[in-house]
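S.K.:
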Amino acid sequence: GDSVTQTEGLVTLTEGLPVMLNCTYQTIYSNPFLFWYVQHLNESPRLLLKSFTDNKRTEHQGFHATLHKSSSSFHLQKSSAQLSDSALYYCALSDPGTGSNRLTFGKGTKFSLIP
Amino acid sequence: GGIITQTPKFLIGQEGQKLTLKCQQNFNHDTMYWYRQDSGKGLRLIYYSITENDLQKGDLSEGYDASREKKSSFSLTVTSAQKNEMAVFLCASSIETDYAEQFFGPGTRLTVL
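Here the protein sequences come in this chain order: D and Z. Under my numbering, the first residue of the first sequence carries the number 1, and numbering increases by one thereafter. Under my numbering, the first residue of the second sequence carries the number 1, and numbering increases by one thereafter.
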């Protein structure tokens with residue numbers, strides 16, 4: 001079945017520095033959909049960005065990610081992290097044509113900023 | 001816009017007890033989902049439903065039952081609560097197309113004594 005692997009555990013960074021959260025995936029389908037969801041403390045997960053186009057940069061709220069099918073990756077990046085970016089980040093995968101929009105999530109990466 | 005409500009917010013049960021969690025959405029979405037969230041294990045799909053009276057098993061369905069009584073509501077039953085179990089159960093909904101955003105409810109936090 002499908003699987004998603006993320007940077008495990010806690011990533012701690014000083015505010016203002018660039019950040020990259022890793023995401024790689026495995027699927028038998030050639031055209032998967034990839035998503036990043038963000039969950040702030042005491043809130044529900046919400047969609048941050050998504051993509052299905054190979055080698056095209058997708059941006060939202062200062063974050064960006066590019067789907068690279070050659071390396072099965074969809075890393076999340078930001079050029080200058082802010083305190084408000086502290087949250088739990090999930091990478092997720094769905095397969096087209098299944099008719100259910102069923103997502104497979106990674107285990108999540110907790111991202112914490114230091115002032 | 002719309003909203004997803006989950007009841008109860010906190011649920012405390014005893015070992016072996018049957019426990020039911022409820023979810024309501026007013027997005028008019030076709031598809032609804034139940035996830036279990038454990039620290040360090042991510043979000044794992046328990047059940048989903050693509051329309052009223054439809055049920056599909058996820059990766060973690062053993063030990064759970066679900067019911068989609070009508071389009072707007074989706075219930076999850078823990079058939080026999082396990083001692084010292086602690087987790088958050090999240091309900092979500094989406095339109096029935098590939099690539100659609102899933103909207104999540106606030107969650108039910110389960111503690112089993």
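The C-beta atom is built at its ideal place from N, Cα and C for all residues, glycine as well.
(1) In the DSSP assignment, find the beta strand (DSSP E) that holds Ala-81/Z and state where it starts and stops.
(2) Considering only the alpha carbon of each residue, which of Thr-7/D, Ile-28/D and Phe-33/D lies closest to Glu-101/Z?
(3) How many angstroms separate the CA atom of Gly-16/D from the CA atom of Arg-57/D?
(4) Within its chain, find whatever has a CB closer than 8 Å to the CB of Gly-13/Z; leave out the 5 residues flanking it on each side and keep chain order.
(5) Which one of Leu-49/D, Ser-72/D, Leu-21/D and Gln-26/D has the shortest CA to CA distance from Gln-61/D?
(6) Of all Cβ atoms in chain Z, is any one closer than 9 Å to the Cβ of Leu-93/D?
(7) Along chain Z, which residues have their Cβ under 7 Å away from the Cβ of Pro-96/D?
(8) Return the chain-ordered list of same chain residues with a C-beta closer than 6 Å to the C-beta of Gly-2/Z, the five sequence neighbours on each side being excluded.
(9) Hey, would you say Leu-88/D sits closer than 9 Å to Phe-35/D, going by beta carbons?
(10) Taking the alpha-carbon positions, what's the Asp-98/Z to Thr-53/D distance?
(11) Indicate whether Lys-107/D and Gly-42/Z have their beta-carbon atoms separated by less than 9 Å.
(12) With the cut-off set at 9 Å, would you say Lys-70/Z and Asp-30/Z are in Cβ contact?
(13) Distance cutoff 9 Å, beta carbons only. Does Tyr-25/D sit that close to anything in chain Z?
M.R.: By the coordinates alone:
(1) Where Ala-81/Z is concerned, there is no enclosing beta strand (DSSP E), given that its DSSP letter is neither H nor E.
(2) Phe-33/D
(3) 22 Å
(4) Leu-19, Val-78, Ala-81, Leu-110, Thr-111, Val-112 and Leu-113
(5) Leu-49/D
(6) no
(7) Asp-98
(8) Asn-26 and Phe-27
(9) no
(10) 14 Å
(11) yes
(12) no
(13) no
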